[in-house]
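Residue numbers (my numbering): 116 to 324. Report on one structure; see the data block that follows.
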């Protein structure tokens, strides 16, 4: 069954999938119930969520199971051996490299015999940022978020000031729990962002400044 209307977006390459066909009509496929049928899910996010579902199924060796749920009984005979996950992990390794560090421009000149004040200031800032990154487990959070970016094409970082900790805190979210509220006249600047946190299932409303 094909699409009734021509749809061209970031997930058009998955249009041949029944789940995407259903999502294009404005209703989630029955195989996605009840996860995405909550009343707060925007209709224009259904294709994005459906694409995430498909890609996550390939990553977890469940593409055959998902095919059966969408009406393809032959999917039960499909054998999956983790090839998709290997491709994702390999791309992630090439993207991040062996290590990740915060670098401030000019800090490399602070170790010279006669460093200028700007180089010394840059080195001090770099030291502070690296200490912050260690406290916030930046490399681990980057690996988690960037793997989502490689697999799904999207990643979400939330950087916000924590008055109790006295520093900026970094969190990462599965993009499937990210729902920006955009206004046409303001382009891509989000007026509000709804984050459906998986750990407590509560929706945070963050007013953009």
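For every residue, glycine included, the Cβ atom is placed at its ideal position computed from N, Cα and C.
query, result
"State yes or no: is the C-beta of residue 237 within less than 8 angstroms of the C-beta of residue 222?", "yes"
"With 16 other CB atoms within 10 Å as the buried threshold, where does residue 210 fall?", "exposed"
"Strictly under 8 angstroms for the Cβ-Cβ distance: is residue 259 near chain C by that measure?", "This model lacks chain C altogether; it includes just one protein chain."
"Return yes when the Cβ of residue 285 is within less than 8 angstroms of the Cβ of residue 251, no when it is not.", "yes"
"Using the rule of at least 16 other Cβ atoms within 10 Å of the residue's Cβ for burial, across every protein chain shown, is residue 315 buried or exposed?", "Only weak support is given to the placement of residue 315: the predicted model assigns it a pLDDT of 42, under 50, and the question is left unresolved by the model."
"Can you give me the Cβ contacts of residue 125 inside the same chain, cut-off strictly under 7 angstroms, excluding the 5 residues immediately before and after it?", "268"
"Should the segment 188–195 be called in touch with the segment 173–180, which here means at least 3 C-beta pairs below 8 angstroms?", "yes"
"Where does residue 120 land, buried or exposed, given buried means 16+ other C-beta within 10 angstroms?", "exposed"
"Just the C-alpha distance for residue 281 and residue 186, rounded to the nearest angstrom, thanks.", "53 angstroms"
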